[in-house]
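*Asks:*
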Amino acid sequence: MPLLTGTLTLDEMANEADAQTRAVRLEQMGEDRVAAAIDAELATWNATVAEQIREFAEITTDNQRPDAAHGDVGEMVPLTETGRAPTQVVTRAPVTVGFPLEGWQYSIGWTQRALDRASAQRLARQVRSAEVAHIRKLQAQLKAAFYSPINYTIRDYLQENKIDLTVKRFFNADGWDIPMGPNAESFDGDTHTHYLAGLTLTNALGVSLVGTVREHNPGADVRIVIAQADEAEWTALSGFKAFVEQGIVRAAGQIEGQNLDMANPSNRAIGRFMGAEVWVKPWAIEGYAVAYAMSGPRPLVLRVAEGRGGMPALRLAATNCAYPLLADFMESEFGFGAGNRAGAAILFTGTGGDSGYVVPTIAGATFTG
Amino acid sequence: MALVTRRTNVNFDANSVMYAPQRSGHAAGEDLDAGAPCYIKASDSKVYMSNGTAANEAASFDGFTVQAHKAGEPVALHGIGTRLGYGDASAPLTGGALLYIGATKGRLDSAATTGGTTPVAKVIGATQDIRVIRDA
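Chains A and B, in that order, are what the protein sequence lines are.
So the first sequence is residues 1 to 369, counted in our numbering.
So the second sequence is residues 1001 to 1136, counted in our numbering.
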């Protein structure tokens, strides 16, 4: 979204649809009540946002964690009546996954005279605009964390100790020491990738997508997220079983007991594929399907700043006043990283998919590749 | 040489205007557009929109208006560092371009004009905002 550079002046308020004589002015409400109303609104907003994110991201203040890779594996030696097997030791270099913390700011400018005459509705509109910008930035960063396969290094620039953090994506053939599967399956870190691709969506590709998550997360509840534009393609797959609108008699292959949400077509579960619930989400990218484990460690980690109540909170950080101008600064600090590198897989289908995964362009996101 | 398109609702960044040098206490000698490069005329101390048609006093520069004013109203002109939301989506500004006083009063040009030989503003990156880069 482009910047909306500007300041609320008397000229801006002359463009208002609300007549100033009808609207409740901020000066009538009183400064304390206005501040309390903003605080309450932001608290509700932040709680709502955090709740939505917890579905696929663990929220933490950690800047990095040690990896759970297994290292080399020894060998069972045949037993003899009098012999003793040689001792063995597993060695591996300590490795960590880093979680970025980036700061974002939304500034609202006023002239003192505009503020004196502004309505409560006008203020609410400014705060609401900051909230929408906040969720859009969260979504952009979330999308980068899911859809970009490219690891990167970022300096922890909002901390006293500005260490370099190595931010990892899901397994991307970067040589990582991948833990064994539940049945002692081994994975070659140099070639094993969770970023799959094909020219067109097929049942086999969908099976591969779900299997890529399940082989590391046995028994996990898997969810697939797709864009609304891809819904028809997925429902046409032979392995897809549809949810149906309430009250409609189920035909063969349609699922009993789960109704299709007709009121919210851009954010709803539409059926199951190979046991994974398929969801349409507004943040999903057309041509890409994300499968992630719902149980066990979340695929992503959302790092937040300390002292923010465990949320990527949007807060009124400061007000700058140089008469006759004022500026309010709304801020939020957060960053996504892959906490469970085996916890998700992404499938791209479209032009170029026969040559490999195509990294999408994600407007508003940093470090996409 | 071409006049750059200016949006109808030019607005300003309060953060930069708080701290940028300003000249106030002068009256408008004519109707002034918002986002117009202006000068304070030596003979009457009133503010007029700069015009690069000729290399004369009218092509001089003392700051930008951030609001429109009617003749006779008090005016504040804002100087180096001021950030304005200026460009229009119908004819976007070129990222990083230097802008000069245009040969139409109150307007900017993408190239030097007869009177406007030194740039007064610069497009900020790939945005449609400009920053005043010259003081009087």
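Heads up, the beta-carbon is just placed ideally off N, CA and C, and yes, glycines get one too.
(1) Could you check what DSSP says for residue 210 of chain A in three-state terms: helix, strand or coil?
(2) So residue 1018 of chain B is in the beta strand (DSSP E); what residue range does that whole segment cover?
(3) If you count every other CB in all the chains shown that lies within 10 Å of the CB of residue 343 of chain A, and 16 or more means buried, which is it?
(4) Say whether chain B places a C-beta atom closer than 8 Å to the C-beta of residue 370 of chain A.
(5) Using the beta-carbon of each residue, which ones in chain B are nearer than 7 Å to residue 129 of chain A?
(6) Which residues in chain B have a C-beta closer than 9 Å to the C-beta of residue 107 of chain A? List them in chain order.
(7) One question on the structure: do residue 1128 of chain B and residue 1093 of chain B come within less than 8 Å of each other, judged by their Cβ atoms?
(8) Spell out the partners DSSP gives residue 370 of chain A in its beta bridges.
(9) Around the C-beta of residue 10 of chain A, are 16 or more other C-beta atoms found within 10 angstroms, so that it is buried, or is it exposed?
(10) Relative to chain B, which residues along the segment 318-339 of chain A have a C-beta separation below 8 Å, given in chain order?
(11) Determine the contact status of residue 325 of chain A and residue 1020 of chain B, defining contact as a CB-CB distance below 8 Å.
(12) In the DSSP assignment, what residue or residues form a beta bridge with residue 1129 of chain B?
(13) What's the C-alpha gap between residue 106 of chain A and residue 130 of chain A?
(14) With DSSP run on the structure shown, which of helix, strand or coil describes residue 11 of chain A?
(15) Shortest alpha-carbon distance to residue 1027 of chain B belongs to which of B:1133, B:1065, B:1110?
(16) As a quick exercise: from B:1029, B:1062, B:1041, pick the residue whose alpha carbon is nearest that of residue 1022 of chain B.
(17) Mind checking if residue 123 of chain A is an interface residue toward chain B, Cβ cutoff 8 Å exclusive?
(18) Looking only at its own chain, which residues have a Cβ that is under 8 Å from the Cβ of residue 235 of chain A, when we skip the five neighbours before and after it?
(19) Please state the DSSP three-state secondary structure of residue 319 of chain A.
(20) Compute the Euclidean distance between the alpha carbons of residue 125 of chain A and residue 7 of chain A, then round it to the nearest angstrom.
(21) Under the three-state reduction of DSSP, which class applies to residue 1027 of chain B: helix, strand or coil?
(22) Look up residue 48 of chain A in the DSSP assignment and say whether it is helix, strand or coil.
(23) Report yes or no: is there a C-beta of chain B within less than 8 Å of the C-beta of residue 5 of chain A?
(24) Find the residues of chain B that neighbour residue 149 of chain A, judging by a C-beta separation of less than 8 Å, and give them in chain order.
(25) By DSSP, does residue 203 of chain A sit in helix, in strand, or in coil?
(26) According to the Cβ coordinates, are residue 156 of chain A and residue 163 of chain A closer than 8 Å?
(27) Between residue 179 of chain A and chain B, is there a C-beta pair that is closer than 8 Å?
(28) Do you know offhand how far residue 1111 of chain B's Cα is from residue 1083 of chain B's?
*Replies:* On the basis of the coordinates in this document:
(1) Along the first sequence, one-based indexing puts residue 210 of chain A at 210. DSSP places residue 210 of chain A in helix when its eight states are reduced to three.
(2) Walking along the second sequence from the start, residue 1018 of chain B turns up at place 18. Element bounds for residue 1018 of chain B: not the beta strand (DSSP E) but the alpha helix (DSSP H), 1014-1019.
(3) For the purposes of this step, residue 343 of chain A is identified with residue 343 of the first sequence, where counting begins at 1. Taking all protein chains shown into account, residue 343 of chain A has 16 or more neighbouring C-beta atoms within 10 Å of its C-beta and is therefore buried.
(4) Residue 370 of chain A lies beyond the stretch modelled for chain A, which goes from 1 to 369, so this question has no answer here.
(5) One-based indexing of the first sequence puts residue 129 of chain A at position 129. Correct list: empty, because the minimum Cβ distance to chain B is about 14 Å.
(6) Counted from its first residue, the first sequence places residue 107 of chain A at position 107. The answer, in chain order, is 1013, 1014, 1015.
(7) Along the second sequence, one-based indexing puts residue 1128 of chain B at 128. Along the second sequence, one-based indexing puts residue 1093 of chain B at 93. Yes, the Cβ-Cβ distance between residue 1128 of chain B and residue 1093 of chain B is below 8 Å.
(8) Residue 370 of chain A cannot be examined here, being either before or after the span of chain A that is shown, 1 to 369.
(9) Start at 1 with the first residue of the first sequence, and residue 10 of chain A comes out as number 10. Under this definition residue 10 of chain A is an exposed residue.
(10) Of all residues in the segment 318-339 of chain A, only 320, 322, 325, 326, 327 come within less than 8 Å of chain B when Cβ atoms are compared, listed by chain position.
(11) Walking along the first sequence from the start, residue 325 of chain A turns up at place 325. Walking along the second sequence from the start, residue 1020 of chain B turns up at place 20. The Cβ atoms of residue 325 of chain A and residue 1020 of chain B lie no closer than 8 Å to each other.
(12) Your numbering for residue 1129 of chain B matches position 129 in the second sequence. As a beta-bridge residue in DSSP terms, residue 1129 of chain B pairs with B:1085.
(13) Along the first sequence, read from residue 1 onward, the residue named residue 106 of chain A stands at position 106. Along the first sequence, read from residue 1 onward, the residue named residue 130 of chain A stands at position 130. Taking C-alpha positions only, residue 106 of chain A is separated from residue 130 of chain A by approximately 6 Å.
(14) In the first sequence, residue 11 of chain A corresponds to position 11, counting from 1. The answer is helix: DSSP assigns residue 11 of chain A an H, G or I state.
(15) Residue 1027 of chain B sits at position 27 when you count from the first residue of the second sequence. With distances taken between Cα atoms, residue 1027 of chain B lies closest to B:1065.
(16) Translated into positions along the second sequence, residue 1022 of chain B becomes position 22. Of the candidates B:1029, B:1062, B:1041, the one whose C-alpha sits nearest the C-alpha of residue 1022 of chain B is B:1062.
(17) As a working note, residue 123 of chain A is residue 123 in the first sequence. Not an interface residue.
(18) The residue labelled residue 235 of chain A in the question sits at position 235 within the first sequence. The residues are 242, 270, 271.
(19) To locate residue 319 of chain A, count along the first sequence from 1; it is residue 319. Looking at residue 319 of chain A - three-state DSSP - the assignment turns out to be strand.
(20) Along the first sequence, read from residue 1 onward, the residue named residue 125 of chain A stands at position 125. Along the first sequence, read from residue 1 onward, the residue named residue 7 of chain A stands at position 7. Taking the straight line from one Cα to the other gives about 14 Å.
(21) Stepping through the second sequence from its first residue, residue 1027 of chain B is reached at position 27. Strand at residue 1027 of chain B.
(22) Translated into the one-based positions of the first sequence, residue 48 of chain A becomes position 48. Helix, per DSSP.
(23) In the first sequence, residue 5 of chain A corresponds to position 5, counting from 1. Interface residue, yes.
(24) Within the first sequence, residue 149 of chain A is the residue found at index 149, counting from 1. Within 8 Å Cβ-Cβ: nothing; residue 149 of chain A doesn't reach chain B, min ~26 Å.
(25) As a working mapping, residue 203 of chain A is identified with position 203 in the first sequence. Three-state DSSP puts residue 203 of chain A in a helix.
(26) Looking up residue 156 of chain A in the first sequence gives position 156. Looking up residue 163 of chain A in the first sequence gives position 163. Against a cut-off of 8 Å, the Cβ pair of residue 163 of chain A and residue 156 of chain A comes out as a contact.
(27) Position 179 of the first sequence holds residue 179 of chain A. No, because no Cβ of chain B sits closer than 8 Å to the Cβ of residue 179 of chain A.
(28) The residue you call residue 1111 of chain B lines up with position 111 of the second sequence. The residue you call residue 1083 of chain B lines up with position 83 of the second sequence. Rounded to the nearest angstrom, the two C-alpha atoms are 20 Å apart.
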